[in-house]
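Take -16 as the starting number for the sequence shown in the numbering used here and just add one per residue. Just so it is clear, CB atoms sit at the ideal spot from N, CA and C, and this is done for glycine as well. Report on the following structure.
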Amino acid sequence: MTESLAYNSVKNMWIVDGAITSERLLDSRNPQEFIGYAIKEAFSLCFLYYAGGKIQKFLENNAMKKHNRNIALDARVLENNYIKQIFKDGTIKSSLDAFDKIKKDPIELYDFLHKNPNNAIVKIAKQSDIIVSYKNTDKIDTRAYIDLEKIETLKKDLNKLYEQYKEAAQKGENTEKFFKKVKKLKRCSIITNIGTSIFALGILAPGVMLIKRKFFDQDSEFQTKRDIRNQMIKDGIIN
């Protein structure tokens, strides 16, 4: 847990965003502004760190149930010709078998990743940015954090997709047709997820703020507008 928190950039951003949100709320000039910030930040942080991933997972599960296609792999991997080639020539099998032979001890797993740059799982982990390489080289950047759970998940997703590929091949479906469907499902899931986020952040969140001010506040007038008018009255500019 400590290692994950220290080296995982996403979890580090939780802390940064949490601090920024807290500062904004503490610096609110009035209750109306405080509530407005709270609603906007709640929606933003929810979709950034929780809801977006849950929606994507739901769409991936839906693709599995309705189309028997695993689309959990990174879009960059599915759009790359490399995965089509290793599925077509069967070399993915040797990479999966080699990975299965190692123990799941973290030290042995790290050692495997460094000593097997040509293993398909290692290459695809690099394409997915699970493993970071030094710039303009294929060598693993030892300064960067590697989430070993994501490596395990990647292997399972590759194995699942390969099993589906073999089933499709037995039914006469060629490689191009198989991956065309997988890529289409992946693209649709991403577009749907983006659309949902746009609706929530661009329409739903502002709508909640308007409804709250219109029906639940004693005074629906903008607090800033009221403050400016009161100051102008105080300065004798208006009556």
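Coil, strand or helix - residue i by DSSP
{"i": "Ile(-2)", "result": "helix"}
{"i": "Ile123", "result": "strand"}
{"i": "Lys116", "result": "The residue you asked about is not Lys; residue 116 is Ser in the sequence shown. In the structure shown, Ser116 sits in a strand (DSSP, three-state: E or B)."}
{"i": "Asp88", "result": "coil"}
{"i": "Pro14", "result": "helix"}
{"i": "Asp210", "result": "helix"}
{"i": "Asp57", "result": "coil"}
{"i": "Gly73", "result": "coil"}
{"i": "Ser27", "result": "helix"}
{"i": "Glu43", "result": "helix"}
{"i": "Ser78", "result": "helix"}
{"i": "Asn101", "result": "coil"}
Residue burial classification, residue i (beta-carbon count within 10 angstroms, cutoff 16)
{"i": "Ala108", "result": "buried"}
{"i": "Gln15", "result": "buried"}
{"i": "Tyr65", "result": "exposed"}
{"i": "Lys217", "result": "exposed"}
{"i": "Ile211", "result": "exposed"}
{"i": "Val60", "result": "buried"}
{"i": "Asn(-5)", "result": "exposed"}
Sheet register partners of residue i (DSSP bridge)
{"i": "Ile220", "result": "DSSP lists no partner for Ile220."}
{"i": "Ser5", "result": "According to DSSP, which records beta bridges pairwise, Ser5 is partnered with nothing at all."}
At least three beta-carbon pairs within less than 8 Å, the stretch 132 to 141 to the stretch 77 to 93: yes
For the pair the stretch 29 to 40 and the stretch 114 to 129, tell me if three or more CB-CB distances fall below 8 Å. no
Three-pair Cβ contact test at 8 Å for the stretch 48 to 59 versus the stretch 181 to 189: Verdict: no, contact absent.
Closer than 8 Å is the cut-off here; do at least three beta carbon pairs connect the stretch 151 to 166 with the stretch 67 to 74? The stretch 67 to 74 and the stretch 151 to 166 touch, with three or more beta-carbon pairs separated by less than 8 Å.
Run through the stretch 124 to 197 for me and flag every whole beta strand (DSSP E) of 3 or more residues, listed as ranges in chain order. none
Take every Cβ of the stretch 127 to 139, pair it with every Cβ of the stretch 88 to 97, and state whether three or more of those distances are shorter than 8 Å. yes
Does the stretch 7 to 23 come into contact with the stretch 144 to 153, if we say contact requires no fewer than three beta-carbon pairs (one atom in each stretch) closer than 8 Å? no
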